[in-house]
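Okay, so here's the structure we're looking at.
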Amino acid sequence: MSHRKFEHPRHGSLGFLPRKIASRHRGKVKAFPKDDPIKPCRLTAFLGYKAGMTHIVREVEKPGSMLALVLSTTL
Numbered sequence: 040m041s042h043r044k045f046e047h048p049r050h051g052s053l054g055f056l057p058r059k060i061a062s063r064h065r066g067k068v069k070a071f072p073k074d075d076p077i078k079p080c081r082l083t084a085f086l087g088y089k090a091g092m093t094h095i096v097r098e099v100e101k102p103g104s105m106l107a108l109v110l111s112t113t114l
């Protein structure tokens, strides 16, 4: 019987190390646009966080080539 290390693939990519929990549940707005008293009031920031990922692969006009697309959903 062989060692488990040789019988199973690794879990997860090494490109995403170190694995750690986020320090804050919500994101931070780090920059706001300059306030101009001449312009009317408007939304200057939109706070959201990435809850999941939708992965779509669609065909491009060139035969055999694919284009990956990632959509982030905000809650």
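In the working numbering, the protein residues as written are 40 to 114.
C-beta: ideal position from N, C-alpha, C; glycine also.
Since the structure is predicted, the reported quantities are computational estimates derived from the model, not experimental observations.
Less than 9 Å between the beta carbons of residue i and residue j, yes or no?
i   : j   : result
R63 : L86 : no
Which one of the options has the shortest CA to CA distance from residue i?
i   : options                : result
K67 : F45, E100, A84 and H42 : A84
F71 : L82, H47 and K78       : L82
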